[in-house]
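S.K.: Residue 11 in numbering that gives the first Met the number 0 sits at position 12 of the sequence shown; the count goes up by one each step and never skips.
Just so it is clear, CB atoms sit at the ideal spot from N, CA and C, and this is done for glycine as well.
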Amino acid sequence: MANKEMQVVKGLDLQRYMGRWYEIASFPSRNQPKDGVNTRATYTLKDDGTVHVLNETWSGGKRGYIEGTAYKAVPNTDDAKFKVKFYVPPFLPIIPIVGDYWVLYIDDDYQYALIGQPSRNYLWILCRNTHLDDEIYNMLLQKAKDEGYDVGKLRKTPQSDPPPEEEGPQDAKGIWWIKSIFGK
0 MANKEMQVVK GLDLQRYMGR WYEIASFPSR NQPKDGVNTR ATYTLKDDGT
50 VHVLNETWSG GKRGYIEGTA YKAVPNTDDA KFKVKFYVPP FLPIIPIVGD
100 YWVLYIDDDY QYALIGQPSR NYLWILCRNT HLDDEIYNML LQKAKDEGYD
150 VGKLRKTPQS DPPPEEEGPQ DAKGIWWIKS IFGK
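1. Run through DSSP, which three-state label would Glu22 get?
2. What are the residues that DSSP puts in a beta bridge with Val87?
3. Specify the secondary structure class of Asp194 as computed by DSSP and reduced to three states.
4. Would you identify the three-state DSSP class for Val52, choosing helix, strand or coil?
5. Could you pull the DSSP bridge partners for Tyr104 from this structure?
6. By how many angstroms is the C-alpha of Glu22 removed from the C-alpha of Thr129?
7. In three-state terms, what does DSSP make of Asp34?
8. Could you please give me the residues that DSSP links to Ala72 through a beta bridge?
9. List the endpoints of the continuous alpha helix (DSSP H) containing Leu13.
10. Skipping 5 residues on each side, what residues in its chain have a beta carbon closer than 7 Å to that of Lys142?
11. Shortest alpha-carbon distance to Glu66 belongs to which of Leu153, Val8, Tyr86, Gly98?
12. Assign Lys3 to one of three DSSP states: helix, strand, or coil.
13. Pull up the CB-CB distance for Gly147 and Lys3, whole angstroms please, since I reckon it's below 8 Å.
14. Starting from Leu131 and walking both ways along the alpha helix (DSSP H), at which residues does that stretch end?
15. Would you call Ser58 buried or exposed, if buried means 16 or more other Cβ atoms sit within 10 Å of its Cβ?
16. Expressed to the nearest angstrom, what Euclidean distance is found between the alpha-carbon atoms of Val36 and Arg19?
17. Report buried or exposed for Ser25, applying the criterion of at least 16 other Cβ atoms within 10 angstroms of its Cβ.
18. Please state if the CB of Tyr109 and the CB of Gly115 are separated by a distance shorter than 9 Å.
19. Give every residue of the same chain whose Cβ lies closer than 7 Å to the Cβ of Thr49, excluding the five residues on either side of it in the sequence, and list them in chain order.
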């Protein structure tokens, strides 16, 4: 099943996709702190057609974030396959890191989405709200299984309600990123 070509959304309305998305669950990543909570992404369409990406998470009571740019992986197609480029480390952004961001499913109202990438090493369940109904969550799990993902690796992301304010105490030194390299 893992060798099967993944099905991605066709004709994604990029303007409707913009805005804030809360991480409901994800595969653990060395690029995020293990104790990260209230993880979210905010997407803003730029004049040149690329997307400004702001990923935020709270660890140890402090806000860590990284900014990047997303762009179509294959221009002039209607496939929702994107590349996302970040520069690391956050405190001295000099090394480019590029990853795949494929929209595998999105509901008609653009309220929840399943995001993956071709290696199946990363998976995210995103929602416009901090919580997702169990029935919808289980439907997204099944869609991920159908695409060859081992959903047993998913970790639910703790989200507070209401979510944190825009700003908070910041991890200005990028400690969360350094800790994540060492699996902390």
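M.R.: Straight from the coordinates:
1. Here residue 22 corresponds to residue number 23 of the sequence shown, with the count starting at 1. Note: Glu22 maps to strand in three-state DSSP.
2. Here the question's residue 87 lines up with position 88 in the sequence shown. Paired residue(s): Ile94.
3. Because the chain is modelled from 0 through 183, residue 194 falls outside the range shown and cannot be assessed.
4. One-based indexing of the sequence shown puts residue 52 at position 53. The answer is strand: DSSP assigns Val52 an E or B state.
5. Here residue 104 refers to the residue found at position 105 when the sequence shown is read from its first residue. Partner(s): Leu113.
6. Here residue 129 corresponds to residue number 130 of the sequence shown, with the count starting at 1. Here residue 22 corresponds to residue number 23 of the sequence shown, with the count starting at 1. Thr129 and Glu22 have their C-alpha atoms roughly 8 Å apart.
7. Residue 34 sits at position 35 when you count from the first residue of the sequence shown. DSSP places Asp34 outside both helix and strand once states are collapsed to three, so it counts as coil.
8. Mapped onto the sequence shown, residue 72 falls at position 73. None, per the DSSP bridge assignment.
9. Translated into the one-based positions of the sequence shown, residue 13 becomes position 14. For Leu13, the enclosing alpha helix (DSSP H) covers residues 13 to 16.
10. Position 143 of the sequence shown, counting from 1, holds the residue named residue 142. Excluding positions up to five away in sequence, the list reads Leu103, Tyr104, Leu113.
11. Along the sequence shown, one-based indexing puts residue 66 at 67. Minimum Cα-Cα distance from Glu66 among the listed residues Leu153, Val8, Tyr86, Gly98 corresponds to Tyr86.
12. Position 4 of the sequence shown, counting from 1, holds the residue named residue 3. Three-state result, Lys3: coil.
13. Here residue 147 refers to the residue found at position 148 when the sequence shown is read from its first residue. Here residue 3 refers to the residue found at position 4 when the sequence shown is read from its first residue. About 6 Å separates the Cβ atoms of Gly147 and Lys3, confirming a contact at the 8 Å cut-off.
14. In the sequence shown, the residue the question calls residue 131 occupies position 132. That residue, Leu131, is in no alpha helix (DSSP H); it is neither H nor E in DSSP.
15. In the sequence shown, the residue the question calls residue 58 occupies position 59. The residue in question, Ser58, is buried, as its Cβ has 16 or more Cβ neighbours within 10 Å.
16. One-based indexing of the sequence shown puts residue 36 at position 37. One-based indexing of the sequence shown puts residue 19 at position 20. Between Val36 and Arg19, the C-alpha separation is close to 15 Å.
17. For the purposes of this step, residue 25 is taken as the residue at position 26 of the sequence shown. Per the 10 Å Cβ criterion, buried.
18. By one-based count along the sequence shown, residue 115 stands at place 116. By one-based count along the sequence shown, residue 109 stands at place 110. In this structure, Tyr109 does not lie closer than 9 Å to Gly115 by Cβ.
19. Here the question's residue 49 lines up with position 50 in the sequence shown. Only Thr68, Ala69, Tyr70 meet the Cβ criterion.
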